[in-house]
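Protein sequence lines, in the order shown, are assigned to chains A and B.
Residue numbers 1 to 469, in the numbering used here, belong to the letters of the first sequence in order.
Residue numbers 470 to 938, in the numbering used here, belong to the letters of the second sequence in order.
Written below as structure tokens is the structure these notes are about.
Protein chains: 2
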Amino acid sequence: MNKKTINMKYLFTPESVAVIGASDNPGKLGFHVMKSLTKGGFTGRIVPINPSSDKIMGLKTFSSITAYNGQIDLVIVVVPAKLVAAVFRECATKGVKGIVLITAGFKEIDDRAGTALQEEIAGIANDAGIPVIGPNTMGMINLRADLNASFTPEFSRLMKGSIALVSQSGGMSAVLGYLAMRMNVGFSKIIGLGNRMNVDFDQAIDYLVDDPDTKVIMLYMEGIDDPRKLMETIKKHSSKKPIIIYKTGSASKSDQASRSHTGSMAGRHEIYMGSFSQAGMLGVDNAETLLDTARALAACPIPDGPGVAVLTGQAGPGIAACDACEAQGLKMVQFTEKTQQKINENLPPLALRTNPVDMGPAWYNTSASKEIIKVAMNDDNVNGILFLMVFGSANVDALKGISNILNKWAQKKPVISCILSPPDIWDEQIKELEQSGALINYPTPERAANAMANLWRYREIQISREELY
Amino acid sequence: MNKKTINMKYLFTPESVAVIGASDNPGKLGFHVMKSLTKGGFTGRIVPINPSSDKIMGLKTFSSITAYNGQIDLVIVVVPAKLVAAVFRECATKGVKGIVLITAGFKEIDDRAGTALQEEIAGIANDAGIPVIGPNTMGMINLRADLNASFTPEFSRLMKGSIALVSQSGGMSAVLGYLAMRMNVGFSKIIGLGNRMNVDFDQAIDYLVDDPDTKVIMLYMEGIDDPRKLMETIKKHSSKKPIIIYKTGSASKSDQASRSHTGSMAGRHEIYMGSFSQAGMLGVDNAETLLDTARALAACPIPDGPGVAVLTGQAGPGIAACDACEAQGLKMVQFTEKTQQKINENLPPLALRTNPVDMGPAWYNTSASKEIIKVAMNDDNVNGILFLMVFGSANVDALKGISNILNKWAQKKPVISCILSPPDIWDEQIKELEQSGALINYPTPERAANAMANLWRYREIQISREELY
């Protein structure tokens, strides 16, 4: 392993962080970075660097990292581009392990000087074996280390979880982060790649597949410089951890004149999707599905087949879920005779008793509900359970009644639910069931079905890769 | 107009409501119906009917509606099926205007007796000109009249709005209602059709197109008995108000053996979608899109063309929205020279200045932001504005700065936004902008783009109908 690769660990879990360009002025990025670090709960040492201050946010401030006597693992840089080369040289001398370079004005600007500057600092960093996130990045957040190395203090409001995001856009990091907060989804890390100077998708993935805090990797991508190299990296790793990709930039206004849009879009989209699948990655086409899919992959075992049992509290949502399942390549299983017999014993003849199973008449009877859930779970034909229950006066206590069996079964096969009530009524109970690993919940029957379908798509991609190699 | 049609108005806006089968026992539906009425804020007279009580929920209780001396406009029935015929005869004699028949055990049960009973009570109701919601329904809610005639008191938590839902499934009414609560979407009415004895989709639509409280009609449908008749009704009305339909039940397990599922699904789905379009209705394929589309149609003017301007605070979300726009049949417009010149004057050369317009560099300068928004809105090539802004330290006050111009412009063309922050930061400001009619907001760039696309699809459907007739 080269020095840069070894240093990746220190970049994400430093014991000491210096902010070059720290500030007490809320109009400056250096203020927001300092706020991210100090309010984010980071327990290591924080060293503000600013030659014209003695103290910033109550912390002793130094004129340079050289002027500070101790070790600095991570440096966050927000000073103007023209000062960055000197900073990098100082970092190399000081033995800094990693840099987050928030400053913009490098390769992305329409000027040779920016590219030249980026090449110069890349040379310094590469020679010193320092991995650099950026330049022109919103930063990086390691939630498991309470390290918010970004200019957005609000990212620290994210729950800790096991989903990592590697994003080519700060704006999309924010979209996904704020959505995650609203959906109670936990992240392990967010890496804003920026200009990808010497930490690109490849290096981020190389690091994250071995990161014990990360179970699922989400990629948001706009352009790829070297698709072949990236696909090789992904092929190497994709059997270790699920990698999901949302790639935009397929639509092109410049094609408008010469081609039918829908055709060109679909065509290119399919080529991308095809090569993603071949590399072992799951492609999705919007931010919501990216999060929905990552949640399922982080929370559920991967199903062995496409066979789904839909257990529903009401017929309508059950039918909607069936439609979505079949449209997405899942199969509504036929239960074994033994299972069917047990279900029939616990439901009146008028209820939907095959698949979907309308459990409505069993809500009044916890032991009947439990028996139905148990036999469906243990049916050999069933690869996954979709569990749908909408609040009503008849089932207000039903969730409590079946929590035990769901917890005990602990998703030997995936249990994906749409349990929905007016705000606050069941929300805490659902959160508890999610936290104990009993299920993962979605706000609509269709999104629950699609999440299950994507679990199976992921498995299919893995199977066809196993057959290929 | 026949008597039944005239009576529809009293069914939805009664001055007095009797509950036959009212109860003080939380194990009974009659308890929940009484709770819905009394806690829902209904200001008319509520008359509980139960021969074995004197008082229910503090209200004087009568042994029958005959025993009550005053007029009864609406009767809600929850007594067992075998008692319903007698109740209906009493209603006819009493001059009741409308019935909500929650009781089940009629045509839906696998027994001739149920069908016979339904035919009997239908005869009584039709002869007396009484419209009946149900049987086997969760009920009806007229939010604008604070009338919750359902067994789910929680439906009264819904905001008042201008979207009506006609649903063949109580479960899906609950899914859509609870989602609407969580998304701050307001409803005018929810009609649970149940067995559709003498109030079917046709009659509900006939009523709702003339309902001044309703701007948009959503249909949730599983099966159609007489598609031709329904399509005629819809053709007659669909130019008056937008009607959106979500039809499930396309997937059929019984087809599994003989056909490829996806093929059969897609085929049938397309046939449905085709006939919906011909009738002037917009078809959607999931609960979330149904609500998203209804919100846009209720809040926005219909665009005259597919040309969209994407004004974005960050490049990533803008690119994601462009992809979604083009994939859904919208066009990223080229601005007129005059517009482009004004934008160029207000943004540095490095920003995306064509379309999407990356307004990031203008957040620090409210007058520049305003000028860009103004010229884009007034550009003749632009039929609708997608406005995207993700919270960050640089734009914390930006929303306040541009609220004025958005409010003043008041959607002369549709303004659909994805303005997103961590919970609570911008939520109130967004709600105010929505309530003042300045825009309608969605949680992701793609859902915002899809909502705009569905506005245009609705217009396209109307245009092709105008060309046909």
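Backbone N, C-alpha and C fix where the C-beta goes; we use that ideal spot for every residue, glycine too.
Taking 8 Å as the Cβ-Cβ cut-off, the segment 423-450 of chain A approaches chain B at 423, 425, 443, 444, 445, 446, 447, given in chain order. A distance of 8 Å or more separates the beta carbons of residue 131/A and residue 35/A. When Cβ-Cβ separations below 8 Å define contact, residue 549/B makes no contact with chain A. Proximity of chain A to residue 620/B at the Cβ level (cut-off 8 Å) is accounted for by 392, 393, in chain order.
Contact between the segment 921-928 of chain B and the segment 190-200 of chain A is absent: fewer than three C-beta pairs spanning the two stretches fall below 8 Å. Of the residues 900/B, 524/B, 811/B, 531/B, the one whose Cα lies closest to the Cα of residue 887/B is 900/B. Residue nearest to residue 437/A within the set 443/A, 412/A, 425/A is 412/A (criterion: CA-CA distance). The beta carbon of residue 8/A lies closer than 6 Å to those of 131, 207 in the same chain, with the five residues before and after it left out. In this structure the segment 275-286 of chain A does not touch the segment 598-612 of chain B; the number of beta carbon pairs closer than 8 Å is below three. When the Cα atoms are used, residue 801/B and residue 790/B turn out to be separated by approximately 10 Å. Listed in chain order, the alpha helix (DSSP H) elements of length 4 or more contained wholly in the segment 189-236 of chain A are 201-209.
In terms of Cα proximity to residue 570/B, the closest of 648/B, 645/B, 488/B, 643/B is 488/B.
By the Cβ rule, the segment 804-812 of chain B counts as touching the segment 843-853 of chain B, because three or more pairs are nearer than 8 Å. By the 16-neighbour rule on beta-carbons within 10 angstroms, residue 228/A is exposed.
When the beta-carbon positions are compared, residue 763/B and residue 713/B come within less than 8 Å of each other.
Between residue 575/B and residue 555/B, the gap from beta carbon to beta carbon reaches 8 Å or more. In the structure shown, the three-state DSSP call for residue 17/A is strand. Residue 159/A: member of the beta strand (DSSP E) spanning 159-167, first to last residue. For residue 643/B, the C-beta contacts it makes with chain A under 8 Å involve 314, 390, 391, 392, 420, in order along the chain. When the five nearest sequence neighbours on each side are left out, the beta carbons in the same chain lying within less than 6 Å of the beta carbon of residue 429/A are those of 399, in order along the chain. With respect to chain B, the C-beta atom of residue 222/A has a partner C-beta closer than 8 Å. Using a CB distance cut-off of 8 Å, residue 324/A counts as an interface residue toward chain B. Residue contact check for residue 218/A against chain B: no CB pair falls below 8 Å. The beta carbon of residue 894/B sits closer than 7 Å to those of 860, all from its chain and outside the five residues before and after it, given in chain order. With respect to the C-alpha of residue 934/B, the residue from 709/B, 533/B, 486/B having the closest C-alpha is 709/B. A direct Cα-to-Cα measurement between residue 84/A and residue 275/A gives close to 38 Å. At a cut-off of 8 Å between beta carbons, residue 590/B makes no contact with chain A.
One thing to note: residue 172/A has its Cβ no nearer than 8 Å to the Cβ of residue 639/B. Residue 927/B is outside the set of residues whose beta carbon lies under 8 Å from a beta carbon in chain A. Inter-residue distance for residue 13/A and residue 212/A is about 13 Å (C-alpha atoms, whole angstroms).
Counting every other CB atom within 10 Å of its CB across the protein chains shown gives residue 666/B a total of 16 or more, marking it as buried. Secondary structure at residue 609/B: strand, using DSSP grouped into helix, strand and coil. Counting the other Cβ atoms within 10 Å of the Cβ of residue 775/B gives 16 or more, which makes it buried. Of all residues in the segment 271-288 of chain A, only 286, 287, 288 come within less than 7 Å of chain B when Cβ atoms are compared, listed by chain position. Annotation for residue 650/B: 626, 627, 628 place their beta carbon closer than 8 Å to its own, counting only its chain and skipping 5 residues before and after. Bridge partners of residue 358/A according to DSSP: 312/A.
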